[in-house]
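Asks: The opening residue of the sequence shown carries number 5 in this note's numbering; numbering runs sequentially from there.
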Amino acid sequence: MLRSILVKTGENALVFPQQIKITNSCRVNVSLIKTRYRATSGALAEVGIQDESLSTDYTKIRVFAKKETKELMRSWLVLKLSSMRFIVNNSDSLITVGRKILPKQSFEKLMNLTFFKQFVIGENITNSLDVVDLMKTNGIRPMLCVPTETKIGLSELERELEYQSNYDIIKECCDGTAHVDPSGFAQAKITAMCDKELLIEMNKYLLEHEANHREPGDWSVERISAYLSKGEIGKIIMEDLSEENNGKLQDLFIKLDDLAKTCKDLDVRLMLDAEQTYIQAALGYVILVLQAKYNKDKPIVYNTYQCYRKDTLDRVKADLNLSSRLNFQIAGKLVRGAYMIEERQLAESAGVCDPINDTYNDTNKSYHSVVDLLLPLVVKNKTGVMVASHNEDTVDYVMKKMDEHGISKENPLLCFGQLYGMCDHVSYFLGMNGYQILKSAPYGLIDDCLLYLARRAHENHSVMERTVLERSLIKKELLRRVAST
Ligand SMILES: Cc1cc2nc3c(=O)[nH]c(=O)nc-3n(C[C@H](O)[C@H](O)[C@H](O)COP(=O)(O)OP(=O)(O)OC[C@H]3O[C@@H](n4cnc5c(N)ncnc54)[C@H](O)[C@@H]3O)c2cc1C
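#1: CA-CA distance, residue 205 and residue 245?
#2: Let me confirm a value: residue 478 is counted as buried when at least 16 other C-beta atoms fall within 10 Å, else exposed. Which label applies?
#3: Which residue comes first and which comes last in the beta strand (DSSP E) that contains residue 274?
#4: Residue 444: beta carbon under 7 Å from a heavy atom of ligand 1?
#5: So what does residue 420 bridge to, in DSSP terms?
#6: Near residue 73, what residues of its chain come up, given a Cβ to Cβ distance below 8 Å and the 5 sequence neighbours on each side ignored?
#7: Which residue from 148, 140 and 141 puts its Cα closest to that of residue 129?
#8: Give a yes or no on whether the C-beta atoms belonging to residue 286 and residue 463 are separated by under 8 Å.
#9: Since residue 240 and residue 274 are thought to touch, with beta carbons under 8 Å apart, how far apart are those beta carbons, to the nearest angstrom?
#10: Considering only their Cβ atoms, is the gap separating residue 150 from residue 359 smaller than 8 Å?
#11: Work out the CA separation of residue 259 and residue 39 for me, nearest whole Å.
#12: Go ahead and label residue 323 buried or exposed: buried means 16 or more other beta carbons lie within 10 angstroms of its beta carbon, across all protein chains shown.
#13: Does at least one heavy atom of ligand 1 sit under 7 Å from the Cβ of residue 310?
#14: How close, in whole Å, do the beta carbons of residue 225 and residue 296 come, if the pair is a contact with beta carbons under 8 Å?
#15: Which residue comes first and which comes last in the alpha helix (DSSP H) that contains residue 482?
#16: Are the region 76-91 and the region 448-459 in contact at 8 Å, needing three or more beta carbon pairs?
#17: Taking a contact to mean a Cβ-Cβ separation below 8 Å, would you say residue 335 touches residue 307 in this structure?
#18: Let me know if residue 186 comes out buried or exposed under the rule of 16 or more other beta-carbons within 10 Å of its beta-carbon.
#19: Do you know whose CA, among 311, 101 and 453, lies nearest residue 377's CA?
#20: Pop quiz: residue 388 and residue 434 are said to be a contact at Cβ under 8 Å. What is the actual Cβ separation, rounded to whole angstroms?
#21: Name the two residues that bound the continuous beta strand (DSSP E) containing residue 149.
#22: Give every residue of the same chain whose Cβ lies closer than 6 Å to the Cβ of residue 427, excluding the five residues on either side of it in the sequence, and list them in chain order.
#23: Between the C-alpha atoms of residue 155 and residue 392, what's the straight-line distance to the nearest angstrom?
#24: Can you tell me whether residue 189 is helix, strand or coil according to DSSP?
#25: Count the other CB atoms within 10 Å of the CB of residue 473; is the residue buried (16 or more) or exposed (fewer)?
#26: Per DSSP, what kind of secondary structure is residue 67 in: helix, strand or coil?
#27: Is any non-hydrogen atom of ligand 1 found closer than 7 Å to the C-beta of residue 462, if you look at the structure I gave you?
#28: Measure the alpha-carbon distance for residue 279 versus residue 489 and round it to whole angstroms.
#29: Leaving out five residues on either side along the sequence, give the residues of the same chain with a beta carbon under 7 Å from the beta carbon of residue 122.
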């Protein structure tokens, strides 16, 4: 109940009340929301904590002890700017104006010193290695990803070339992952590699089967995955699709099959993103087909489950039923979901039922119910889960559940995920305490990353608005350093 109310903090930002615990200006009884954790004593001693147990009161832990001063100053500034609604809402226009009024070099230097350095690990894998090493010394692993935003206004031919080049760089990302984080994850968006119109068309036939998987004849996952397993992609032909779209679908399966095989051979995992409901049934479908081939013994291909949808628990259950019938494992990244405003607008304009939960609290319940469903399967080595959230309460919840189920922190089938440059206090805390924590770590040229950063800023505006805790911890660490000089 408490959490569903928004409060205004002293910094004039709207925050969710789980953050009240850290806001000095809010007089809230911290002990009410304290949880106690087990923690590793070595890492704690380094940051000045002698006790064997820890509380979630991050203000008592020097999470940023190992961060360089200039890095802390940059983070504070960028997080402050990113918490301002005007900047987030107008990020695309601000980038355009910046480009126009500043010489190219100055603009790039400014971006490089601020947003780019904060949210992107480097221009390519080789020159990101220092950042990767630094993350690793703090117990944090990189989940490499290449920003592959679809550009607007391209011709048909240019788009096809773009899909091919995106596929090539995603494949490089899989190779790179094997080098920087053996058995780690390479992250990719399916829409970077195929025509969205194909997915929209497929979605029409698949949407009603998302929560039962009674796909009719042609579309049966069993049938299509059998073709994939036998290397007979040319036989994947759907009567419902035009010849052109069947060609595009076969092309997509060729690309995805090759990426999954590459990951399997390299012993890394392929993490595939979730997107809007109008294409998600199609995305979920091709992922299940891949999982039926590649996830026989252990999870290689990971789906993403957006818990802000009303039907998420039913969809996960349906995927589980199908996987036990066809004898493979599902696996997934659990997120709340990034396209809430767009989904609500689309539903309203189409006059259909809003697919998104009515309240934030319902989304939290949905998220935790999927955790409850999947964690017992992690214990039995029957699924893989990434808890991808910046929400401190969700992280608390999962750590508690891991304890209850006896899931060790080292278990490769359960890890936490956050975005590079965001929510570092939680990431560093998890890393210091031996949990598997991965940061989605984009790399690429500034020009290619700016569109991605603008999208991320929109998607995560609620998280960026509530960076009060992180900024206060940074400030505290900086003041401590000034005082000790
Ligand atoms: C590693 C990683 C990978 C990600 N990959 C994807 C991906 O593939 N696809 C994707 O869609 N997103 C993805 N996201 C983004 C994610 O879905 C969230 O947008 C983001 O993480 C904020 O959620 P939170 O749990 O971190 O924080 P919180 O602030 O606790 O949650 C905010 C989220 O709660 C939900 N919410 C807020 N208000 C309401 C309301 N009134 N009613 C219902 N729900 C509400 C929304 O989903 C909102 O984004 C990813 C995030 C991470 C960390």
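Using N, Cα and C, we set each Cβ at its ideal position, and we do this for glycine too.
Replies: Let's see:
#1: For the purposes of this step, residue 205 is taken as the residue at position 201 of the sequence shown. For the purposes of this step, residue 245 is taken as the residue at position 241 of the sequence shown. Looking at the two C-alpha atoms, the distance is approximately 8 Å.
#2: Translated into the one-based positions of the sequence shown, residue 478 becomes position 474. Residue 478 should be labelled buried.
#3: Taking the sequence shown and counting its residues from 1, one reaches residue 274 at position 270. Unbroken beta strand (DSSP E) run through residue 274: 273-276.
#4: If you number the sequence shown from 1, residue 444 lands on position 440. Correct: residue 444 has its Cβ closer than 7 Å to ligand 1.
#5: For the purposes of this step, residue 420 is identified with residue 416 of the sequence shown, where counting begins at 1. In the DSSP output, where bridge partners are listed per residue, residue 420 has 391 and 441.
#6: The residue labelled residue 73 in the question sits at position 69 within the sequence shown. Excluding positions up to five away in sequence, the list reads 482 and 485.
#7: The residue labelled residue 129 in the question sits at position 125 within the sequence shown. Ranking 148, 140 and 141 by Cα distance to residue 129 puts 148 first.
#8: Counting from 1 along the sequence shown, the entry for residue 286 is found at position 282. Counting from 1 along the sequence shown, the entry for residue 463 is found at position 459. No, they are not a contact pair.
#9: Reading the sequence shown from its first residue, position 236 is the one you call residue 240. Reading the sequence shown from its first residue, position 270 is the one you call residue 274. That belief does not hold up - the Cβ atoms of residue 240 and residue 274 are roughly 20 Å apart, past 8 Å.
#10: In the sequence shown, residue 359 corresponds to position 355, counting from 1. In the sequence shown, residue 150 corresponds to position 146, counting from 1. No, the pair does not count as a contact, with Cβ atoms beyond the cut-off.
#11: Numbered from 1 along the sequence shown, position 35 holds the residue referred to as residue 39. Numbered from 1 along the sequence shown, position 255 holds the residue referred to as residue 259. Low per-residue confidence applies at residue 39: pLDDT is 32, beneath 50, and the placement is therefore not dependable, though the value from the model is reported in the following sentence. Going from the Cα of residue 39 to the Cα of residue 259 covers about 46 Å.
#12: Taking the sequence shown and counting its residues from 1, one reaches residue 323 at position 319. Buried is the call here.
#13: Along the sequence shown, read from residue 1 onward, the residue named residue 310 stands at position 306. Indeed, a heavy atom of ligand 1 lies less than 7 Å from the Cβ.
#14: Counted from its first residue, the sequence shown places residue 225 at position 221. Counted from its first residue, the sequence shown places residue 296 at position 292. That pair is a contact at about 6 Å.
#15: Against the sequence shown, residue 482 aligns to sequence position 478. Taken as a continuous stretch (DSSP letters only), the alpha helix (DSSP H) holding residue 482 covers 472-487.
#16: no
#17: Sequence index remark: in the sequence shown, residue 335 carries index 331 (1-based). Sequence index remark: in the sequence shown, residue 307 carries index 303 (1-based). Taking 8 Å as the Cβ cut-off, residue 335 and residue 307 qualify as a contacting pair.
#18: Your numbering for residue 186 matches position 182 in the sequence shown. The residue in question, residue 186, is exposed, as its Cβ has fewer than 16 Cβ neighbours within 10 Å.
#19: Working through the sequence shown from its first residue, we reach residue 377 at position 373. The candidate whose alpha carbon is nearest that of residue 377 is 311.
#20: The residue labelled residue 388 in the question sits at position 384 within the sequence shown. The residue labelled residue 434 in the question sits at position 430 within the sequence shown. Going by Cβ atoms, the distance from residue 388 to residue 434 rounds to 17 Å, so no, they are not a contact pair.
#21: Within the sequence shown, the letter at position 145 stands for residue 149. Per DSSP, residue 149 belongs to the beta strand (DSSP E) from 144-149.
#22: To locate residue 427, count along the sequence shown from 1; it is residue 423. So the qualifying residues of the chain are 394.
#23: To locate residue 155, count along the sequence shown from 1; it is residue 151. To locate residue 392, count along the sequence shown from 1; it is residue 388. If you take the alpha carbons of residue 155 and residue 392, they lie about 27 Å apart.
#24: Taking the sequence shown and counting its residues from 1, the one referred to as residue 189 is at position 185. Note: residue 189 maps to strand in three-state DSSP.
#25: As a working note, residue 473 is residue 469 in the sequence shown. Looking at its Cβ environment, which holds 16 or more other Cβ atoms inside 10 Å, residue 473 is buried.
#26: Against the sequence shown, residue 67 aligns to sequence position 63. It is coil, neither helix nor strand.
#27: As a working mapping, residue 462 is identified with position 458 in the sequence shown. Outside the cutoff, so no.
#28: Here residue 279 refers to the residue found at position 275 when the sequence shown is read from its first residue. Here residue 489 refers to the residue found at position 485 when the sequence shown is read from its first residue. Spanning the two alpha carbons is a distance of roughly 49 Å.
#29: Taking the first residue of the sequence shown as 1, we reach residue 122 at position 118. 78, 79, 82 and 425.
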